[in-house]
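Everything below concerns the one structure shown next.
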Amino acid sequence: MKQDYTILVNSCDNYDDLWTPFFTLFKKYWPSCNKRIILNTETKSFSFPGLDIECFSLFKDNPNATWSERFGRHLDLIDTDFVLILLDDFFFEKPVDTARLEECFTLMKSDRKIACFNFLPTLWENIESDKCPEGFELRPKKCDYKVNVQASLWRTDILRRLLRKHEDVWEFENFGSIRAHKMNDLFFNAKPFEPTVFTYDWGHGGAVHHGKWTCHTKDVLDAAGITVDYSKRGWDPESDKEYKLVISPNQIYAPRISSAVKTLFKSPKLFVRKIKERLSFLFSNRKSL
Numbered sequence: 027m028k029q030d031y032t033i034l035v036n037s038c039d040n041y042d043d044l045w046t047p048f049f050t051l052f053k054k055y056w057p058s059c060n061k062r063i064i065l066n067t068e069t070k071s072f073s074f075p076g077l078d079i080e081c082f083s084l085f086k087d088n089p090n091a092t093w094s095e096r097f098g099r100h101l102d103l104i105d106t107d108f109v110l111i112l113l114d115d116f117f118f119e120k121p122v123d124t125a126r127l128e129e130c131f132t133l134m135k136s137d138r139k140i141a142c143f144n145f146l147p148t149l150w151e152n153i154e155s156d157k158c159p160e161g162f163e164l165r166p167k168k169c170d171y172k173v174n175v176q177a178s179l180w181r182t183d184i185l186r187r188l189l190r191k192h193e194d195v196w197e198f199e200n201f202g203s204i205r206a207h208k209m210n211d212l213f214f215n216a217k218p219f220e221p222t223v224f225t226y227d228w229g230h231g232g233a234v235h236h237g238k239w240t241c242h243t244k245d246v247l248d249a250a251g252i253t254v255d256y257s258k259r260g261w262d263p264e265s266d267k268e269y270k271l272v273i274s275p276n277q278i279y280a281p282r283i284s285s286a287v288k289t290l291f292k293s294p295k296l297f298v299r300k301i302k303e304r305l306s307f308l309f310s311n312r313k314s315l
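Heads up, the sequence shown is in the numbering used here, so the first residue is 27 and it goes up one at a time.
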């Protein structure tokens, strides 16, 4: 029977040492997952108990294929109208909010205009509206990183339209976003500072950054009882520094304050609702500490 959506985990052969910890945490925090999972690699295969993982080794004769070429070839193997894309170097740290994920999927099925739900908050100003699903904001028609490869639920055909096989992943995010400016489809991102579907450490650059383990990763794996040989990659000395840069006030608070002021004048009721939501979230988190 055709499934609702397929999960596509983007990786590469050089990251094969990440697959066991990634899927161990995947299974731990999403134990009910019964979806088809495609692991995007060049030549290597992998399996994990209790998960339906497929590897196709499509590039044994072309190990230097571009990121977009590999991504596109694996998209062609998907027979569902929707695809959930994940990166293998971002390890789950909390249970997946499956109810919220299913809500997003249901909304996409009912509204053909929705191209994507991206579950990573953006650092840029978005559009807040009563029409936005709870926990999400609408990306402006023209904006940076409207297209990115973080955890997100997509219409498969939209992704195919945005791809150009000569591009690497960073070119795809940059130029794919420019191509998306011409579309009338809706792109939603998770709101900052609110619970989201997938919880992982995006601030440090993931579990691995520039090919090396980031400082936060050992705590995550130790807490889950996962043993890894860190000597193979070593540690990224910049991961603490980059985390501070990512969450700098100029990047987050300035555009958020600007957005709040605009909302206050345009829709006072919406402004009050947003303030209540923020306070509720802060107090609920404080009680759980």
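Backbone N, C-alpha and C fix where the C-beta goes; we use that ideal spot for every residue, glycine too.
In this text, all values refer to a predicted model and were calculated from it rather than measured experimentally.
Sequence-distant residues of its chain with Cβ nearer than 6 Å to residue i (five each side left out)
i      : result
Phe143 : Cys130, Leu179 and Phe214
Thr225 : Glu119 and Lys120
Asn36  : Asn66 and Leu113
Thr32  : Arg62, Ile104, Thr106 and Val109
Ala206 : Lys172 and Val173
Thr124 : none
Thr222 : Phe145 and Ala216
Sequence-distant residues of its chain with Cβ nearer than 8 Å to residue i (five each side left out)
i      : result
Asp227 : Phe116, Phe117, Glu119, Ala233, Thr240, His242, Thr243 and Val246
Leu101 : Leu34, Val109, Thr182, Leu185, Arg186 and Leu189
Glu264 : His235 and His236
Whether residue i touches residue j by CB criterion (8 Å)
i      : j      : result
Arg181 : Asp107 : yes
Lys238 : Gly161 : no
Leu34  : Gly98  : no
His235 : Asp255 : no
Thr50  : Ala250 : yes
Glu95  : Lys191 : yes
Val175 : Glu199 : yes
Leu146 : Ser155 : no
Ser203 : Asp248 : no
Cα-Cα separation, residue i to residue j
i      : j      : result
Gln29  : Glu128 : 13 Å
Asn210 : Asp42  : 38 Å
Thr253 : Asp137 : 44 Å
Asp266 : Gly260 : 15 Å
Ala141 : Lys135 : 10 Å
Tyr55  : Gly231 : 21 Å
Pro281 : Ile153 : Bear in mind that a pLDDT of 45 at Pro281, under 50, signals an unreliable position, so the number given afterwards is only what the model happens to contain. Going from the Cα of Pro281 to the Cα of Ile153 covers about 11 Å.
Test: residue i CB closer than 8 Å to a CB of chain B
i      : result
Asp115 : No chain B is present in this structure, which holds just one protein chain.
Close beta carbons around residue i, own chain, < 7 Å, minus the five adjacent residues each side
i     : result
Ser85 : It should be pointed out that residue 85 corresponds to Phe in this sequence rather than to Ser. Cβ within range, chain order: Glu68, Thr69, Ala91 and Arg96.
TODO: Report the residue ranges of all alpha helix (DSSP H) runs contained in full by the region 216-257; include only those spanning at least 4 residues, in chain order.
DONE: 243-249
Open item on the list: Within 8 Å, do at least three Cβ pairs link the region 36-49 to the region 72-82?
Closed with: yes
- [ ] Tell me the start and end of each unbroken beta strand (DSSP E) in the region 157-204 that is at least 3 residues and wholly inside, in chain order.
- [x] 162-164 and 178-181
Task: beta strand (DSSP E) runs wholly inside the region 48-78, at least 3 long, in chain order - done: 62-66
- [ ] Ignoring anything shorter than 4 residues or poking outside the region 103-163, list the alpha helix (DSSP H) runs there in chain order.
- [x] 124-136
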